[in-house]
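Colleague: Attaching a single structure in structure tokens format; questions to follow.
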């Protein structure tokens, strides 16, 4: 149909296509388009003067004014080719660096020492700058690299011949460099030895601290469970053991308020269990008997001392004591509190990577206090000393790890911060159970 229109023809009435052409047309997609015989086609009605003028205007190039055989949108193809040629010609006469336009095209031949589309001043500037940049490298290749030494150790011919494998050292500089390397290596070894010795001394100090705790008959390990971690948290469970594991105090405490569910999820103590338990004031005399004048080991002193202080303050305020805060501080001052958290963490860092010692023979250090499934966390895992050998083959310094019972040397706690409470067993006779 399009080709017929170009000849001002159209299919005659009743004319059948001679063939169907399968073709893809933009906007139409794939389809079968009919082909008609122009000899049998009928002529179209002649165009009016207005239609002829409009058709001529659509086919006239606005640049050259020529009438083309196709619709011209911006300029005809001949004008577009000419404009492209002019643009390329201008580009060949423009320097790629300074963008100055020369009357003649710039050469792009590789025979002109790499000159490519640039004017003579820019080309000279680039060549000189490259020479200045390469000069230090050339000097470095043929001179001794020693400090403040400028002795020539290789010729330009040797460097160009490829026999050069780096700057050659002169004899004095080579000897000095070897001495400096040996000195640095000696200093490095000495620093490593000092670090190992310092680590060994620190581990020995921690081991001695643990031995002293376990050997001291006045040592008491205090542990407690609370209703939370806030400043007004109340104590719900209290346990004190000696260094040998003997139970001194093991009792539930009625906090006088409901235990939050999240706290129960941690330590498994419910409101029903503490409903008939004594208050903190009721066990105060018993607690004073086992703590006052003794060495009290706790874990996280900031929290484990603040909870008894708050309980004491509440107790003295309820009993009408004048100055309850001062009375609480006076009561706590009669015990010597020591925090095991920092020494324990320092010990784990020093012996990280070694295997923990197998459990010592005898009672399980993680066994329940008073049969209630709880463990004082004053020294995690209840500090245990290997008094027999005091050796651990995995220690990095090959020295003593007598305090390996401080817990897992890999830095993991031997027991949870809030031990799970198993089913309460009946406390044996003679214990301080509720």
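Residue numbers (our numbering): 1414 to 1847. Positions of the beta carbon are idealized from the N, C-alpha and C atoms, including for glycine.
Can you check DSSP and say which residues form a bridge with residue 1709?
Modeller: Answer is 1633 and 1750, bridged to residue 1709.
Colleague: With C-beta atoms as the reference, is residue 1728 less than 9 Å away from residue 1697?
Modeller: Cβ distance < 9 Å, so residue 1728 and residue 1697 count as in contact.
Colleague: Which same chain residues, not among the five before or five after residue 1845, have their C-beta less than 8 Å away from its C-beta?
Modeller: Note on residue 1845: pLDDT 44, under 50, position unreliable in the model; the coordinate value appears next. The answer, listed in chain order, is 1660, 1661, 1662, 1663, 1664, 1699 and 1783.
Colleague: Whose C-alpha, out of 1636, 1658 and 1655, is nearest the C-alpha of residue 1666?
Modeller: Ranking 1636, 1658 and 1655 by Cα distance to residue 1666 puts 1636 first.
Colleague: Report all residues from its chain with a CB closer than 6 Å to the CB of residue 1833; omit the five preceding and five following residues, and keep chain order.
Modeller: Because residue 1833 sits at a pLDDT of 34, beneath the cut-off of 50, its placement in the model cannot be relied upon, and the point is left open.
Colleague: For the alpha helix (DSSP H) that contains residue 1716, what are its first and last residues?
Modeller: Segment 1714-1717, the alpha helix (DSSP H) holding residue 1716.
Colleague: Taking the beta strand (DSSP E) that residue 1698 falls in, what are its first and last residues?
Modeller: Looking at the DSSP string, residue 1698 is not in any beta strand (DSSP E); the run it does join, the alpha helix (DSSP H), is 1697-1704.
Colleague: Between residue 1508 and residue 1519, which are expected to be in contact by the criterion C-beta below 8 Å, what is the C-beta distance as a whole number of angstroms?
Modeller: Yes, they are in contact, since the Cβ atoms of residue 1508 and residue 1519 sit about 7 Å apart, within 8 Å.
Colleague: Can at least three beta-carbon pairs, one atom from the segment 1625-1636 and one from the segment 1699-1719, be found at a separation below 8 Å?
Modeller: Touching, per the Cβ criterion.
Colleague: Taking residue 1724 as the reference, which of 1655, 1684, 1754 and 1638 has the closest Cα?
Modeller: The shortest Cα separation from residue 1724 among 1655, 1684, 1754 and 1638 belongs to 1638.
Colleague: Taking C-beta to C-beta, are residue 1616 and residue 1760 nearer than 9 Å?
Modeller: In this structure, residue 1760 lies closer than 9 Å to residue 1616 by Cβ.
Colleague: Grab me the residues of residue 1505's own chain with a C-beta within less than 6 Å of its C-beta, minus the 5 sequence neighbours each way, in chain order.
Modeller: Once the five neighbours on either side are set aside, the close Cβ partners of residue 1505 are 1518.
Colleague: Compute the Euclidean distance between the alpha carbons of residue 1779 and residue 1751, then round it to the nearest angstrom.
Modeller: In this prediction, residue 1779 scores a pLDDT of 36, lower than 50, which makes its location untrustworthy; no coordinate-derived value is stated.
Colleague: Does DSSP classify residue 1672 as helix, strand or coil?
Modeller: It is coil, neither helix nor strand.
Colleague: Which whole-angstrom value is the C-beta distance of residue 1429 and residue 1451, which I expect to be below 8 Å?
Modeller: Actually they do not touch by this definition, with Cβ atoms about 14 Å apart.
Colleague: Looking at C-alpha atoms only, which residue of 1625, 1455, 1479 and 1434 is the closest neighbour of residue 1657?
Modeller: Measuring from the Cα of residue 1657, the nearest candidate turns out to be 1625.
Colleague: Looking at the structure shown, is residue 1684 part of a helix, part of a strand, or coil, going by DSSP?
Modeller: In the structure shown, residue 1684 sits in a helix (DSSP, three-state: H, G or I).
Colleague: Relative to the C-alpha of residue 1619, which residue among 1585, 1754, 1581 and 1533 is closest?
Modeller: The shortest Cα separation from residue 1619 among 1585, 1754, 1581 and 1533 belongs to 1754.
Colleague: Going by DSSP in three states, residue 1480 sits in which element: helix, strand or coil?
Modeller: Residue 1480 falls in the strand class under three-state DSSP.
Colleague: Can you tell me the Cα-Cα spacing of residue 1548 and residue 1599, whole angstroms?
Modeller: Their Cα atoms are separated by approximately 38 Å.
Colleague: In the DSSP output, which residue or residues are listed as bridge partners for residue 1663?
Modeller: For residue 1663, which the question treats as bridged, DSSP gives the partners 1652.
Colleague: Closer than 7 Å by C-beta to residue 1645: which residues in its own chain qualify, once you throw out the five before and the five after it? Chain order, please.
Modeller: Closer than 7 Å at the Cβ level, and outside the excluded window around residue 1645, lie 1723.
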